[in-house]
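Let me begin by presenting the structure, written as structure tokens, before commenting on it.
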Amino acid sequence: MNTIALILAAGKGTRMKSKFPKVLHKVGGVPMVEQVLRAVKTAGTQRQIIVVGYGGETVQAYVGNQAETVMQQEQLGTGHAVLQAEPLLQGAQGTLLVTCGDTPLVTADTFKALLDCHQKSGAAATILTAILPDPTGYGRVIRNAAGQVVKIVEQKDGTADELAVHEVNAGIYCFDMSLLWQMLHGITNDNAQGEYYLTDIIGMLVSEGKIVSAFAAPDYKETLGVNSRAQMAEAEGVLRLRKLNQLMAEGVSVIDPGNTYVDADVTVGRDTVLYPGTVLEGHTTIGEDCQIGPYVRMTNVKMGNQDHLQFTYAHDCEIKNGCEIGPFVHFRPNTVIGNNVKVGNYMEVKNSSVGDGTKLPHLSYIGDSDVGGGVNIGCGTITVNYDGKIKHRTTIGNHAFVGCNSNLVAPVSIGEYAYVGAGSTITKNVPDKALSVARARQRNIEGWVKDDTYKK
Ligand code: UD1
Ligand code: MG
Numbered sequence: 121m122n123t124i125a126l127i128l129a130a131g132k133g134t135r136m137k138s139k140f141p142k143v144l145h146k147v148g149g150v151p152m153v154e155q156v157l158r159a160v161k162t163a164g165t166q167r168q169i170i171v172v173g174y175g176g177e178t179v180q181a182y183v184g185n186q187a188e189t190v191m192q193q194e195q196l197g198t199g200h201a202v203l204q205a206e207p208l209l210q211g212a213q214g215t216l217l218v219t220c221g222d223t224p225l226v227t228a229d230t231f232k233a234l235l236d237c238h239q240k241s242g243a244a245a246t247i248l249t250a251i252l253p254d255p256t257g258y259g260r261v262i263r264n265a266a267g268q269v270v271k272i273v274e275q276k277d278g279t280a281d282e283l284a285v286h287e288v289n290a291g292i293y294c295f296d297m298s299l300l301w302q303m304l305h306g307i308t309n310d311n312a313q314g315e316y317y318l319t320d321i322i323g324m325l326v327s328e329g330k331i332v333s334a335f336a337a338p339d340y341k342e343t344l345g346v347n348s349r350a351q352m353a354e355a356e357g358v359l360r361l362r363k364l365n366q367l368m369a370e371g372v373s374v375i376d377p378g379n380t381y382v383d384a385d386v387t388v389g390r391d392t393v394l395y396p397g398t399v400l401e402g403h404t405t406i407g408e409d410c411q412i413g414p415y416v417r418m419t420n421v422k423m424g425n426q427d428h429l430q431f432t433y434a435h436d437c438e439i440k441n442g443c444e445i446g447p448f449v450h451f452r453p454n455t456v457i458g459n460n461v462k463v464g465n466y467m468e469v470k471n472s473s474v475g476d477g478t479k480l481p482h483l484s485y486i487g488d489s490d491v492g493g494g495v496n497i498g499c500g501t502i503t504v505n506y507d508g509k510i511k512h513r514t515t516i517g518n519h520a521f522v523g524c525n526s527n528l529v530a531p532v533s534i535g536e537y538a539y540v541g542a543g544s545t546i547t548k549n550v551p552d553k554a555l556s557v558a559r560a561r562q563r564n565i566e567g568w569v570k571d572d573t574y575k576k
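In structure tokens form, the structure reads like this:
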């Protein structure tokens with residue numbers, strides 16, 4: 121059966137009080153509209169169309185070629201929004217799955233179950249419904265004495281009896297396209313909000329003797345619509361727990377799920393432990409047997425196995441296997457940390473590669489550098505990479521030893537097995553196996569302090 125998804129995302133989202141279109145706000149690390157798009161694709165829809173309006177160009181630019189888009193110039197209501205897709209769907213037959221860009225918690229399984237229910241029943245329309253403890257704000261599903269759906273009534277238009285109903289319209293529907301357009305052209309904006317309500321066609325289909333079914337969401341929390349920042353935080357909480365439960369089911373330990381934040385696209389290997397205060401963002405991938413946290417933030421980091429990190433911020437970089445990182449480390453973009461490397465306390469590494477078994481133990485800045493394997497960088501070493509106009513590189517050969525509190529003024533290279541004396545400011549290359557000392561020679565002046573200066 122031909123199935124097309126239509127995502128309504130033109131609304132301004134006034135209650136968000138934002139400069140940005142509502143559907144581009146992220147939940148679970150992914151913009152809401154993309155959460156919805158992924159779910160309807162996984163559910164097996166063959167085409168996806170997004171109705172954009174407020175901030176439409178920004179949404180279109182974000183969506184790119186992930187879906188078709190159509191512009192709704194004026195936001196005259198959900199029924200009017202669906203009509204904007206009519207020109208794109210001329211002659212299309214089958215099922216139109218209509219959903220909202222601000223309902224990001226509905227799973228692909230629920231979309232699939234709704235589509236199956238609709239296609240098996242042969243109904244003209246099937247509504248996804250939910251029984252909510254507090255239905256305020258949602259459209260209510262009104263049924264007759266025989267339990268059949270009769271219509272949907274919006275909060276602002278309902279009578280007291282209608283508003284007492286707890287079964288709500290999730291804003292998600294399947295429609296048989298052969299009847300849809302004709303019905304939509306018949307709706308009016310004669311209601312409390314002066315809008316063309318998509319929900320009106322339910323009552324119209326019923327009065328024409330067509331079958332309308334309802335399919336209850338397996339978990340009402342999936343149907344949460346995000347209209348405010350508070351609801352967005354609620355959605356975030358649901359997605360966060362969903363992701364952590366998935367990771368735990370796959371063999372990851374999470375010490376405190378209430379205090380661990382993992383974006384949708386992050387992967388974590390078996391027997392890795394996530395300690396409290398861990399924030400894993402973007403396309404971060406973590407291998408097996410790692411200990412992450414407490415207090416680690418990683419954004420787009422590729423990590424191997426058996427790494428231990430605490431109190432660290434790393435972004436757009438790679439950490440291979442068996443590393444001891446932290447506390448208080450900052451890895452900046454384009455950094456590759458080799459195997460069995462030790463970094464921390466208080467270290468910054470930027471745009472650099474660090475070879476296997478190297479130690480960067482305390483209080484250093486390594487920027488724009490290629491550091492070999494088996495190197496020891498003494499406490500307080502600085503690569504002086506910037507001359508005020510451009511950045512220069514520093515090369516440090518395998519097994520070199522850089523003494524504490526040294527400045528390596530780039531461009532400069534330290535040879536393999538070379539030594540740099542503590543406190544040196546190195547401005548010229550150091551050959552392999554050499555010792556370089558670049559500091560003033562110590563001079564002791566005996567008797568500098570006269571006895572009477574402190575005996576008075
Ligand atoms: C809608 C339903 C309500 C349901 C609720 C579920 C109607 C009339 N009401 O109400 O029964 O319980 O969703 O969350 O449909 N949009 C457009 N263009 C417009 C207007 C809206 O694209 O002109 C989009 C919005 O961006 C949003 C979606 O349609 O993604 C729903 O609109 P919204 O204004 O949030 O409707 P609700 O009042 O929540
Ligand atoms: Mg809404």
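Mapping of the sequence shown onto this note's numbering: position 114 corresponds to residue 234, and the numbering continues sequentially without gaps. Positions of the beta carbon are idealized from the N, C-alpha and C atoms, including for glycine.
- Check the Cα spacing between T189 and each of E177, D383 and T501: the tightest is with E177.
- DSSP, reduced to helix, strand and coil, places G197 outside both helices and strands of the structure shown, so it counts as coil.
- Set against 7 Å, the gap from the CB of D222 to the closest heavy atom of the ligand MG is smaller.
- Linking G535 to R513 through their CA atoms gives a straight-line distance of about 14 Å.
- Following the DSSP letters along the chain, one finds C410 in no alpha helix (DSSP H), marked with neither H nor E.
- Taking a C-beta distance under 8 Å as the contact criterion, G498 and N518 do not qualify as a contact pair.
- Nearest C-alpha to P396 among R135, P447, Y293 and V374: V374.
- Boundaries for A384: no beta strand (DSSP E) harbours it, and the DSSP string shows neither H nor E there.
- Annotation: the region 283–322 contains the following complete segments of the alpha helix (DSSP H) (minimum length 4 residues), in chain order: 297–305.
- With a cut-off of 7 Å, the C-beta of G477 is classified as distant from the ligand UD1, since no heavy atom of the ligand falls inside that distance.
- Short note on H200: C-beta closer than 7 Å to some heavy atom of the ligand UD1.
- Using a C-beta cut-off of 8 Å, the region 309–318 makes no contact with the region 329–339, since fewer than three inter-stretch Cβ pairs fall below that distance.
- Within the region 224–269, complete beta strand (DSSP E) segments of at least 3 residues are found at 245–251 and 260–263, given in chain order.
- Between G221 and V326, the gap from beta carbon to beta carbon reaches 8 Å or more.
- Pairing A284 with I247, the inter-Cα distance amounts to about 19 Å.
- Under the DSSP definition of a beta bridge, Y506 partners with K511.
- Rounded to the nearest whole angstrom, the CA to CA distance from T573 to H450 is 48 Å.
- As computed with DSSP, E401 is found in a beta bridge with T419.
- CA-CA distance, N454 to V421, rounds to 10 Å.
- For K548, no alpha helix (DSSP H) encloses it, and the DSSP letter there is neither H nor E.
- Of all alpha-carbon atoms in F431, A530 and K330, the one lying nearest the alpha-carbon of K509 is that of A530.
- Between S544 and S533, the CB-CB gap reaches or exceeds 8 Å.
- Taking 7 Å as the cut-off, the C-beta of G197 does not count as close to any heavy atom of the ligand MG.
- By the neighbour-count criterion, in which 16 or more other beta carbons inside 10 Å mark a residue as buried, R390 falls on the exposed side.
- Between D476 and N459, the CB-CB gap stays under 8 Å.
- Judged by DSSP in its simplified three-state form, V569 adopts coil rather than helix or strand.
- Taking C-beta atoms under 8 Å as the contact rule, C437 and Q426 fail to qualify, at a distance of about 18 Å.
- Straight-line measurement puts the Cα of Q562 at about 50 Å from the Cα of T404.
- At least one heavy atom of the ligand UD1 lies closer than 7 Å to the C-beta of T319.
- Less than 8 Å separates the beta-carbon of A312 from that of K276.
- A straight line joining the alpha-carbon of K137 with that of Y174 spans about 13 Å.
- Between A125 and L217 the beta-carbon gap is near 5 Å, inside 8 Å, which marks them as a contact.
- DSSP places A369 in the helix class (H, G or I) of the three-state scheme.
- Annotated as proximal: T223 and T343, with beta-carbon spacing under 8 Å.
- With at least 16 other beta carbons inside 10 angstroms of its own, M152 counts as buried.
- P253 and A201 have their C-alpha atoms spaced approximately 29 Å apart.
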